[in-house]
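A quick write-up on the structure given underneath.
Residue numbers (this note's numbering), protein chains in the order written: chain X, 217 to 546; chain A, 29 to 122.
Given below as structure tokens:
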């Protein structure tokens, strides 16, 4: 049965994010993902508070990256959270957002190797033994915790490119695919499958997760209006190959990129076309969203994540999803 | 007057509507740092174990909203809900 997850960006005071986390648990969500960007509230502080006020929802960073947070610290944070909420913690690890990382002075080179190194160190340290590892990006020499971790924690890899997707299939317990359209999910699943096959695993060993931009409301125009700023940023940050996959004109994408670079949000958001909305978000009434989620399920996902903006009124949209979306699939 | 006493002045049939409105104000509040740490914990504990429609929950929510968004809260109670005595009590409590 498909799992439902929800993503929150901890850009507001912790008590607001934790309010939504509690609400999500009460309303039947299985997973909670908190984004990790240095310019928002700290992901682990938010998750620790979540651990204190929830009792069954599974949660984790979605996603952290090994460039800004050293893999040893990530392992320590997750192992500590796993003591607070035993068996409810997962790791979401990706290569990071290059634009955000660049502003910190960090060069995110050898992204695939960095993620593989980080996950190798993560898994080894959770064994509770002394770890020595010589990776291409990260090395550790006799690193060991002074406490015994509870055990292994499921690892989800945030992936978009072919190599990262295949690697996620190989070494991940799950894959977080930043996509909302069946065409992108089809492509991702084919790459994941190749990695799964190479590792001698089965696709049922991997939780294939669509990490979507989502917006639901009883009034479709309100749902679309809430989603268009998020779609503008997705268009601006998408590689041209993905824009071409959806037939999006490069001049229109460049107009949005230019406007965002100048801080001209009115032009940027106003330039989002219906084709862009169709490609990069799931927005509309519950019935419309259900139809689109069904298409992603047919493409092979096993977890559906309701990502930003969730809806024009997050609290009411979570209730609406609980009443009219989740029951449609469970 | 305590917020618990103020809630007792609100007709039971109006509490659900008020709770819904106050949650919107609170969750969209820009001045979120006005929320005292102890009240934030109380707010989350109440939400974890119950809701904000009963007397206990509404008293906590009313205190939180009157602390973070006093003008909006008082104006709504006075003008939209037509409860001037409650509004006056809130002004004195805030």
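Glycine included, each C-beta is placed from N, C-alpha and C at the ideal position.
- Contact annotation for residue 37 of chain A against chain X: no contact, minimum CB-CB distance about 26 Å [criterion: below 9 Å].
- Between the beta-carbon of residue 382 of chain X and that of residue 407 of chain X there is about 5 Å, and that keeps the pair under the 8 Å contact cut.
- For the region 255-279 of chain X, the residues whose beta carbon sits under 9 Å from a beta carbon of chain A are, in order, 265, 268, 269, 270 and 271.
- Listed along chain X, the residues sitting closer than 7 Å to residue 76 of chain A by beta-carbon distance are 238 and 269.
- Note on geometry: alpha-carbon atoms of residue 288 of chain X and residue 375 of chain X lie some 21 Å from one another.
- In the three-state scheme derived from DSSP, where H, G and I count as helix and E and B as strand, residue 233 of chain X is classed as helix.
- Close partners of residue 531 of chain X in chain A (Cβ separation under 7 Å): 51 and 55.
- Look at the beta carbons and you see the region 242-253 of chain X touching the region 523-538 of chain X: at least three pairs across the two are nearer than 8 Å.
- Of all alpha-carbon atoms in X/396, X/236 and X/240, the one lying nearest the alpha-carbon of residue 451 of chain X is that of X/396.
- Contact between residue 312 of chain X and residue 362 of chain X does not hold, since their C-beta atoms are separated by about 29 Å, which reaches or exceeds 8 Å.
- Residue 60 of chain A reaches chain X at 228, 229, 231 and 232, counting residues in chain order whose Cβ is nearer than 9 Å.
- For the pair residue 417 of chain X and residue 370 of chain X, the Cα-to-Cα distance works out to about 15 Å.
- Note: residue 498 of chain X is bridge-paired with X/430 in the DSSP secondary-structure output.
- Beta-carbon to beta-carbon, residue 373 of chain X and residue 310 of chain X are separated by about 7 Å, close enough to satisfy the 8 Å threshold.
- Among the CB atoms of chain X, one or more fall inside 7 Å of the CB of residue 72 of chain A.
- Along the region 227-283 of chain X, the beta strand (DSSP E) occurs as fully enclosed runs of 3 or more residues at 247-250 and 274-277, listed in sequence order.
- For residue 219 of chain X, the uninterrupted beta strand (DSSP E) run begins and ends at 219-224, by DSSP.
- According to DSSP, residue 361 of chain X shares a beta bridge with no other residue.
- The Cβ atoms of residue 485 of chain X and residue 533 of chain X do not sit closer than 7 Å to each other.
- Note on residue 265 of chain X: 16 or more other CB atoms within 10 angstroms of its CB, so buried under the neighbour-count rule.
- In the DSSP annotation of this structure, the continuous segment of the alpha helix (DSSP H) that includes residue 542 of chain X starts and ends at 542-545.
- Within chain X, no C-beta atom comes less than 9 Å from the C-beta of residue 87 of chain A; the nearest is roughly 17 Å away.
- Under the 7 Å criterion on CB atoms, residue 68 of chain A is classed as interfacial with respect to chain X.
- Secondary structure of residue 63 of chain A (DSSP, three-state): coil.
- Counted as a single uninterrupted DSSP element, the alpha helix (DSSP H) harbouring residue 466 of chain X occupies residues 466-478.
- Secondary structure at residue 323 of chain X: coil, using DSSP grouped into helix, strand and coil.
- Proximity of the region 502-514 of chain X to the region 456-467 of chain X falls short of the contact definition, fewer than three beta-carbon pairs being nearer than 8 Å.
- Under the Cβ criterion (8 Å, minimum of three pairs), the region 217-235 of chain X counts as touching the region 256-264 of chain X.
- A check of alpha carbon separations from residue 432 of chain X across X/338, X/499 and X/349 identifies X/499 as the nearest.
- The C-alpha of residue 47 of chain A is placed about 48 Å away from the C-alpha of residue 466 of chain X.
- In terms of Cβ geometry, residue 278 of chain X and residue 223 of chain X form a close pair [threshold 7 Å].
- If you look at residue 350 of chain X, you'll find it in the beta strand (DSSP E) that goes 347-350.
- The straight-line gap separating the alpha-carbon atoms of residue 420 of chain X and residue 219 of chain X is approximately 14 Å.
- The DSSP-derived three-state label of residue 375 of chain X is strand.
- Shortest Cα-Cα distance from residue 301 of chain X to any of X/270, X/402 and X/514 involves X/270.
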